[in-house]
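With the sequence shown counted from 1, adding 325 to any position gets you our numbering. Where a beta carbon is used, it is the ideal one built from N, C-alpha and C, also for glycine. Only one structure is covered here, and it is reproduced in the block below.
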Amino acid sequence: VTVTDKATPGVYVLSFIDDSGQYRVGDPEGNAIGVGRVGQAFESRGVSFTVSMVSAKVGSSVQIHIHSLIDLGEALRGRVGTSVIKNTNIIALRVKVNDPREAARTANAFAEAYVDFTREQNLQQLISVREFLKRQLGSFGEDLVKVGEELGKTGKEGYEGALKQLTMEGTKSELARRLV
326 VTVTDKATPG VYVLSFIDDS GQYRVGDPEG NAIGVGRVGQ AFESRGVSFT VSMVSAKVGS
386 SVQIHIHSLI DLGEALRGRV GTSVIKNTNI IALRVKVNDP REAARTANAF AEAYVDFTRE
446 QNLQQLISVR EFLKRQLGSF GEDLVKVGEE LGKTGKEGYE GALKQLTMEG TKSELARRLV
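Structural data, given as structure tokens:
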């Protein structure tokens with residue numbers, strides 16, 4: 326079952342309406358939100374799923390409980406703890422539940438989310454560094470062109486003057502950047 330923020334939390338009911346595997350889906354208020362068929366994807370109002378196989382009689386039903394993110398967060402708050410292992414990039418994750426499989430699923434979900442978050446942060450940092458280097462290389466290239474043009478016009482004296490001017494401009498620019 327996949328849920329988006331458009332789904333209303335509560336109990337959804339799948340009621341089988343014929344022997345071919347067709348079913349009707351009702352939302353938590355009891356309103357019909359669509360009809361589906363076994364083996365085909367169902368999607369409506371932020372809820373999607375596929376019933377892969379069923380041996381249900383006409384008139385029987387199945388319930389799907391969809392919890393709000395706030396309720397899930399509150400439920401996990403007392404069960405999950407983290408701590409950073411000093412001088413490492415390692416996080417210790419503790420999950421307190423009675424079922425070891427549930428503990429493993431919860432710890433794995435948190436670990437996967439942490440890895441995804443860290444990967445995204447690193448990617449954003451790399452993009453920023455790349456943009457900074459691109460700007461620096463562009464500026465450096467412009468400076469080299471100016472020195473080359475000056476050297477071509479006036480010879481060695483012009484080159485030394487242009488180099489001195491660029492050094493002064495670079496120092497002024499760096500000071501201005503640091504003061505801002």
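Cβ-Cβ distances below 7 Å link S373 to T327, A366 and F367 in the same chain, with the five nearest sequence neighbours on each side left out; the list follows chain order. Remark: C-beta atoms of V350 and S369 approach each other more closely than 8 Å. G335 and R402 have their C-alpha atoms roughly 21 Å apart. For I395, the enclosing alpha helix (DSSP H) begins and ends at L394 to R402. Around G406, the same chain offers R419 as residues with beta carbons nearer than 7 Å, after the five sequence neighbours per side are excluded.
DSSP, reduced to helix, strand and coil, places R362 within a strand of the structure shown.
Between R404 and the set S453, V422 and L469, the nearest pair of CA atoms involves V422.
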